[in-house]
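Counting in our numbering, the final residue of the sequence shown is number 164, and the numbers go up one at a time with none missing. For glycine and all other residues, C-beta sits at the position ideal for the given N, C-alpha and C. Please read these numbers as outputs of a predicted model, since none were measured by experiment. Inspection log for the structure reproduced underneath, given as structure tokens.
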Amino acid sequence: MAYRASSLRGLAIAQMVFGALMMVFGVGSIIAVDYWSSYVAFGIWVGIWVLITGILGYIGAKNDLAPNKCLIGCFMGFSITACVLAGIMFIFYCIAVAELVGSYVAEMITFITNIQIIQHVIQIIQHVIQITITITVTREAKDI
Numbered sequence: 021m022a023y024r025a026s027s028l029r030g031l032a033i034a035q036m037v038f039g040a041l042m043m044v045f046g047v048g049s050i051i052a053v054d055y056w057s058s059y060v061a062f063g064i065w066v067g068i069w070v071l072i073t074g075i076l077g078y079i080g081a082k083n084d085l086a087p088n089k090c091l092i093g094c095f096m097g098f099s100i101t102a103c104v105l106a107g108i109m110f111i112f113y114c115i116a117v118a119e120l121v122g123s124y125v126a127e128m129i130t131f132i133t134n135i136q137i138i139q140h141v142i143q144i145i146q147h148v149i150q151i152t153i154t155i156t157v158t159r160e161a162k163d164i
């Protein structure tokens with residue numbers, strides 16, 4: 021499999037950063053929000069998965085001369101799974117925000133949605149990165 025190690029390492033580092041941010045905001049959501057979306061702890065669980073994905077990608081693309089094809093394949097599979105999990109988390113948080121809009125006062129909604137908007141922005145960026153990973157790996161595999 022042909023690949024650019026520096027591209028995969030950059031994407032892996034970005035996923036490690038986003039995974040850590042998702043865990044931090046997941047903990048913040050649990051502390052700040054008393055609602056079902058906090059008890060499920062999506063931010064923490066999906067953040068751990070994304071962090072592990074980034075670690076696999078970084079280790080797999082660490083050596084430019086001898087690629088670890090197994091870890092790169094795992095990285096791609098984990099990235100796709102992380103994208104699906106983040107999408108599911110996004111949908112559930114949207115449902116939670118919609119339910120909160122009808123039940124809480126404006127001050128509480130603003131505080132809660134600010135935390136969740138930050139998580140959503142991170143998830144959207146993560147989706148874009150994971151789509152880029154899939155397109156990059158597919159294009160590089162076709163170049164062989």
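Buried versus exposed, by CB contacts within 10 Å (16 or more), residue i
i: leucine 85; result: exposed
i: serine 26; result: exposed
i: glycine 97; result: exposed
i: threonine 73; result: buried
i: valine 148; result: exposed
i: isoleucine 108; result: exposed
i: valine 141; result: exposed
i: isoleucine 137; result: exposed
Helix, strand or coil at residue i [DSSP, three-state]
i: arginine 29; result: helix
i: leucine 85; result: coil
i: arginine 159; result: helix
i: valine 70; result: helix
i: alanine 61; result: coil
i: valine 53; result: coil
CB of residue i within 8 Å of CB of residue j, strictly
i: tryptophan 69; j: alanine 102; result: yes
i: methionine 36; j: glycine 67; result: no
i: leucine 71; j: glycine 80; result: no
i: phenylalanine 45; j: isoleucine 135; result: yes
i: glycine 77; j: phenylalanine 95; result: yes
Chain D contact for residue i (CB, 8 Å cutoff)
i: isoleucine 155; result: Protein chains in the displayed structure number just one, and chain D is not present.
Stretch-stretch touch, CB-based, cutoff 8 Å, three pairs: the region 100-117 with the region 51-65: Yes, the region 100-117 is in contact with the region 51-65.
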